[in-house]
Structure formats: structure tokens, C-alpha cells
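Trainee: Residue numbers (our numbering): 2 to 512.
Where is the CB? At the ideal position from N, CA and C, for every residue including glycine.
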């Protein structure tokens, strides 16, 4: 037979051997009155005997089509997200009713209804019922949402054996992928139990003959680092090296950042150099950005410059946050000219770059120049946020408040008096004692809460009046900061108007 004719016959057989499945019937909208009556009965009779509950439910005009029945179950279970009993008893009634009517195997589950049932059982904390239901469902119903709901119920309960047994629900060719998925769910929000995930991996290795993947260990390293447990992260890291597994870019980034946070910059740089030698691709440049930021914070600007040059050479996109950290590092080392050179060399300046320059100027006690940068920032259409105002207020007045030159317009009259006016006398007590007697140790003044207390129309008038009084005594910079906050940030409407003005100016520039 010629090869072309054989190919045509093969295509014909493949296309006509199995008929295409008929599309599933679309469900009709659920009657709100029926849903309300059903949920009322389930709530009021959830502790009632089965006979009484079934009699009440049988009196309702429940749908008979499987699609309508599934839609009704989804709607009803959504009304009881944290209570397993009404949902479980409704499912039992549907199963008995459908089984008796059609001679089938009970309630016609779909992947969506199975996932919703497991989610309700997990959130209600009924671990035994969750486990038995999970292992009684057919494998075709176990979607990613269903497995995620089951693991989120079992992991916080520290059911290591039951979590490890989930892989047995799937063929051996898929078990490694399922183990990675289970580890990901257990290590991420809202579970965040990497120790349980690690024990489940070991149990799956010993009992079910699985071999962990590099992705599993990457997830454990990231989760342990974010939890603050550097020792456990290093233990998993060393285990990867013994097994010959190469860590990924995410694991490198997290362990480098955690070592910097634990004041171990030398070890962090060793790990970073090992990443570069091993050829791990830092596609997003996250690890390089983290190294630049932390080196600038530690004052090692030359090392930050080297990593920054490497990023530019590799074509990694340099964000404004990295440039802001670099400018701050230069300013903090009093290399002001170089800092301004980097700042002015950026065409499109964002808020992170302005923050880096202002923070560096405040660090070297140049609060007036920082305020000039603040004014330029507003003029160029970059809208400040709450952190901008708090940073500038701390730079001008200090973290604990400085005594001003004018006896009537100073830190005590505006900020401490504002706390008293807002009814926060307990927070103002120490500052009042320092004003009266002096020599009293006071806590850090919470400028964030102070601005929050006066974020209303009354506060807008207060900030405007404070700005006028500050200008009268010569404190123009502080007056501009407070008056600008009163104009733009005190209420939601003012913030919206400020952002709308910013968007309109950006559109005008683009046009």
C-alpha cells in the first residue's frame, strides 16, 4: 500500500473510530425562593433525625436534572462555607434521592461540586470526614482545586500520613508531580507549614517509594526562609547538594535575602557567587536586585555597583527601586555628587527613586534639600504616598520629636496637642511630661497614626491652619509638607482628585 494512502486511511480511522461526546446540558438558573427555603430547612434541622429532615426536603420542588441538581448544591453549599453538617446532610439526601430515582450510584458529582464539598469539609475542620470523602471520590473528579482544598484542611491539622497518602490516588507516572503540588500548597498561604510538608515528603519517600524533585526542596527552602528559620533552610539546602539537586533562582534569592537579614553578608555573597558559577538563570533579576539593595543598606556601594553593572551587561531590567537603593547608598556614604548624577541620569523617575534620594538626604541631615526634592516630585506629576510624608516628618522633627525654636508653634503644640485634641491622652502623656519637666524618655512618635487620626475634613482645616502658623514663624518646609498632606491625602475624595489630576497630566503628556 502506498504510504500516502495508508496515511489517509489512518486519519479516517482516527477521526471516525470514537464519536465525539455530546455537550453537557446547561443548568437552569436556581430559583431564589427555593434556595432560601432549602437553606432555612438545612440550618434549622441540621441536628434533626434523618427521617424528619428527609421529609422536609422531600416536600420541596427539587430539580431532577443532574446539571440543575449540581447547580443547586453549589448554591446551597456556598451559604454554609464553614459548616460541614448542612452540606453533608444535603448531599446524603441528594444521593439517596438520585439513587432511588435513576438506579445510579448516587449524587452526580462534577469536579466543581467535589472541590466545593472538600473545601467546606476542610474549612469546618472535620478531618476524618474530609479524608474519607477524598479517598472515596473517583480520580476523574480530583481537580487541582479539590486537591488544594484537601491539603489546606489536612496540613494545618498536621496529618502527615494522610497528606502523604494523597499521591496513591494517582498513577505512578504522576505521583512526583502530585507530591510537588502538595508541597506547594502546604508551603504557601494560608497554610505555611513547611515542616509538615517536609515530613510528608519523607513519608512518601519511605512508604510509597517516591523520589523528591528539586522543585520540592526549592519550595521548602523558600518557605523556611520566609518563616525566618534559616537553620532549617540551610539543612534542606545541604540535603539538596548531597542528592545532587540544583536549587532554583527563587531558592537562591530567598536564602540570600534571609542571610542578609540575619547579618551574615559574607555568607550571602558566597551563596550569590555560587549561583553565578553554577549558571542558574536569574531570569527576572530578583536575586541581583536583592543583593544590590542589601549591599547599599550595608554601605558597600562598590559591591553594589559591580552587581548593578552585571545586571546592565546581562540586559536585566533595572527597576526604580534598585536605582533608589543605589542613590540612597551613595548619599548615606556622603557621595552626594555621584548620587545626584545617578538620579539625574534616569529619564523616567518613579516614586522609589525619589524616596531613595530623599531618604539619603535625610540620613545626612539635609532636610531642606529633601523637601526641595519633594516639591520637584509633585511638580513632575509623581504623586507621594503616606510613606513620603512620614519619612519627611521624621527627618524634620525626629523620631521622638524635637523642641522647636518658637514657644507657640512647635512639635508639642501641633503634634502632642493634636493627640490630646483627638482624645488620645494616653499616647500623649509621656510627651507632656517631657514638655513640663524635661529629661523624660519618650517612645517613638507614631506619625502614621497621627495622620490617620486627622484624615478627615476637620483634619484638612487643621493642617491648613498649622501650615499658615508654621510659615509665619519661618518653618516653610514643614508647612509645605503639612499643607500638601491636607490638600491631597486627608480624605478619600481628595486622594482621588489628586490621582485624577495626575492621570490627566500623564494623558496630556502622552498626547
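(1) Does DSSP classify residue 423 as helix, strand or coil?
(2) Near residue 132, what residues of its chain come up, given a Cβ to Cβ distance below 6 Å and the 5 sequence neighbours on each side ignored?
(3) Do you know how far the Cα of residue 366 is from the Cα of residue 338?
(4) Go ahead and pull the three-state DSSP assignment for residue 82.
(5) Which same chain residues, not among the five before or five after residue 322, have their C-beta less than 6 Å away from its C-beta?
(6) Looking only at its chain, what residues have a beta carbon closer than 6 Å to the beta carbon of residue 470, apart from the 5 residues adjacent to it on each side?
(7) I believe residue 62 touches residue 70 by the beta-carbon criterion, under 8 Å. Please report the beta-carbon distance rounded to the nearest angstrom.
(8) What did DSSP end up calling residue 59 once you bin it into helix, strand or coil?
(9) Considering only residues of the same chain and omitting the five flanking positions on each side of residue 152, which have a CB-CB separation below 8 Å?
(10) Assign residue 282 to one of three DSSP states: helix, strand, or coil.
(11) On a CA-only basis, which of 282, 277 and 320 is nearest residue 294? Give me that one, please.
(12) First and last residue of the alpha helix (DSSP H) that includes residue 219?
(13) Scan the region 124 to 169 and note each continuous beta strand (DSSP E) run of 3 residues or more that stays entirely inside, going in chain order.
(14) Contact check, residue 77 vs residue 119 under 8 Å by CB: the rounded distance?
(15) Figure out for me which residue from 333, 421 and 35 has the closest Cα to the Cα of residue 298.
(16) Quick one: is residue 426 buried, meaning 16 or more other Cβ sit within 10 Å of its Cβ, or exposed?
(17) Among 305, 247, 326 and 281, which one has its Cα closest to the Cα of residue 351?
(18) Starting from the C-beta of residue 392, find all residues in its chain whose C-beta is less than 8 Å away, skip the five residues before and the five after it, and write them out in chain order.
(19) Can you grab the Cα-Cα spacing for the pair residue 104 / residue 110, in whole Å?
(20) Do you know offhand how far residue 91's Cα is from residue 43's?
(21) Can you tell me whether residue 461 is buried or exposed? The criterion is at least 16 other CB atoms within 10 Å of its CB, across all chains shown.
(22) Can you list, in chain order, the residues of its chain with a C-beta nearer than 8 Å to that of residue 22? Leave out the 5 residues immediately preceding and following it.
(23) I'd like to check one pair, residue 247 with residue 279: are the Cβ atoms closer than 8 Å?
(24) For residue 174, is the classification buried or exposed, using 16 other Cβ atoms within 10 angstroms of its Cβ as the cut-off for buried?
(25) Candidates 154, 488 and 195: which alpha carbon is nearest residue 121's?
(26) Whose CA, out of 68, 331 and 160, lies closest to the CA of residue 29?
(27) Can you tell which of 306, 342, 141 and 445 has its C-alpha closest to the C-alpha of residue 398?
(28) In its own chain, which residues sit with a C-beta less than 8 Å from the C-beta of residue 159, not counting the 5 before and 5 after it?
(29) Given that a residue counts as buried once 16 or more other Cβ atoms are within 10 Å of its Cβ, and exposed if not, what is residue 10?
(30) Around the Cβ of residue 85, are there at least 16 other Cβ atoms within 10 angstroms (buried) or fewer (exposed)?
(31) Looking only at C-alpha atoms, which of 465, 249 and 318 sits nearest to residue 216?
(32) Using only the alpha-carbon positions, how far apart do residue 454 and residue 317 sit?
(33) Mark residue 135 as exposed unless 16 or more other C-beta atoms lie within 10 angstroms of its C-beta, in which case mark it buried.
(34) Along the chain, where does the alpha helix (DSSP H) that runs through residue 307 open and close?
(35) Can you tell which of 495, 452 and 331 has the C-alpha that lies nearest to the C-alpha of residue 483?
(36) Short of 7 Å in beta carbon distance, which residues of its chain neighbour residue 252, apart from the five on each side in sequence? Order them along the chain.
Mentor: With the structure as the only source:
(1) Start at 1 with the first residue of the chain shown, and residue 423 comes out as number 422. Reduced to three states, the DSSP call for residue 423 is coil.
(2) As a first step, residue 132 must be located in the chain shown, where it is residue number 131. Within the same chain, residue 132 has close Cβ partners 163.
(3) The residue labelled residue 338 in the question sits at position 337 within the chain shown. The residue labelled residue 366 in the question sits at position 365 within the chain shown. Each residue's Cα considered, the two are about 16 Å apart.
(4) Start at 1 with the first residue of the chain shown, and residue 82 comes out as number 81. In the structure shown, residue 82 sits in coil (DSSP, three-state: anything other than H, G, I, E or B).
(5) Residue mapping note: residue 322 aligns to position 321 of the chain shown, counting from 1. Contacts found: 353.
(6) Within the chain shown, numbered from 1, the residue matching residue 470 stands at position 469. Around residue 470: 410.
(7) Position 61 of the chain shown, counting from 1, holds the residue named residue 62. Position 69 of the chain shown, counting from 1, holds the residue named residue 70. So it is not a contact: roughly 13 Å between Cβ atoms.
(8) Counting from 1 along the chain shown, the entry for residue 59 is found at position 58. In this structure, residue 59 counts as helix in the three-state DSSP scheme.
(9) Position 151 of the chain shown, counted from the first residue, corresponds to residue 152. Only 164, 167, 183, 186, 187 and 192 meet the Cβ criterion.
(10) Taking the first residue of the chain shown as 1, we reach residue 282 at position 281. Three-state result, residue 282: coil.
(11) Within the chain shown, residue 294 is the residue found at index 293, counting from 1. With distances taken between Cα atoms, residue 294 lies closest to 320.
(12) Counted from its first residue, the chain shown places residue 219 at position 218. Counting along the chain, the alpha helix (DSSP H) containing residue 219 begins and ends at 215 to 228.
(13) none
(14) Working through the chain shown from its first residue, we reach residue 77 at position 76. Working through the chain shown from its first residue, we reach residue 119 at position 118. Contact doesn't hold; Cβ gap of about 16 Å is too wide.
(15) What you label residue 298 is simply residue 297 of the chain shown in a count that begins at 1. The candidate whose alpha carbon is nearest that of residue 298 is 333.
(16) The count along the chain shown starts at 1 and reaches residue 426 at position 425. Residue 426 is exposed by the Cβ-count criterion.
(17) The count along the chain shown starts at 1 and reaches residue 351 at position 350. The candidate whose alpha carbon is nearest that of residue 351 is 326.
(18) Indexing the chain shown from 1 puts residue 392 at position 391. The residues are 356, 359, 360 and 363.
(19) Locating residue 104 in the chain shown gives position 103, where the first residue counts as 1. Locating residue 110 in the chain shown gives position 109, where the first residue counts as 1. Residue placement at residue 104 is poorly supported in this model, since its pLDDT is 45, which falls under 50; the coordinates are not used for a value here.
(20) In the chain shown, the residue the question calls residue 91 occupies position 90. In the chain shown, the residue the question calls residue 43 occupies position 42. The straight-line gap from Cα to Cα measures roughly 7 Å.
(21) Position 460 of the chain shown, counted from the start, is the residue given in the question as residue 461. Buried.
(22) Here residue 22 is taken as the residue at index 21 of the chain shown, counted from 1. Low per-residue confidence applies at residue 22: pLDDT is 39, beneath 50, and the placement is therefore not dependable, though the value from the model is reported in the following sentence. Nothing listed; no residue qualifies.
(23) To locate residue 279, count along the chain shown from 1; it is residue 278. To locate residue 247, count along the chain shown from 1; it is residue 246. Contact: yes.
(24) The count along the chain shown starts at 1 and reaches residue 174 at position 173. Exposed, by the Cβ-count rule.
(25) Position 120 of the chain shown, counted from the first residue, corresponds to residue 121. Looking at the Cα atoms, 154 is the closest of the given residues.
(26) Here residue 29 refers to the residue found at position 28 of the chain shown. Out of 68, 331 and 160, 68 has the C-alpha closest to the C-alpha of residue 29.
(27) Taking the chain shown and counting its residues from 1, the one referred to as residue 398 is at position 397. Nearest of 306, 342, 141 and 445 to residue 398, Cα basis: 445.
(28) Taking the first residue of the chain shown as 1, we reach residue 159 at position 158. Counting only Cβ-Cβ distances below 8 Å, and skipping sequence neighbours, we find 194 and 197.
(29) Numbered from 1 along the chain shown, position 9 holds the residue referred to as residue 10. At residue 10, the pLDDT of 34 sits below 50, so the modelled position is not reliable and the matter cannot be decided from this model.
(30) Along the chain shown, one-based indexing puts residue 85 at 84. Result: buried.
(31) Taking the chain shown and counting its residues from 1, one reaches residue 216 at position 215. Of 465, 249 and 318, the residue nearest in Cα terms is 249.
(32) By 1-based counting over the chain shown, the position of residue 454 is 453. By 1-based counting over the chain shown, the position of residue 317 is 316. Cα to Cα, the separation comes out at about 43 Å.
(33) Numbered from 1 along the chain shown, position 134 holds the residue referred to as residue 135. Burial call: buried.
(34) Here residue 307 refers to the residue found at position 306 when the chain shown is read from its first residue. Where residue 307 is concerned, the enclosing alpha helix (DSSP H) stretches over 302 to 315.
(35) Residue mapping note: residue 483 aligns to position 482 of the chain shown, counting from 1. Closest by alpha carbon: 452.
(36) As a working mapping, residue 252 is identified with position 251 in the chain shown. Within the same chain, residue 252 has close Cβ partners 219, 222 and 223.
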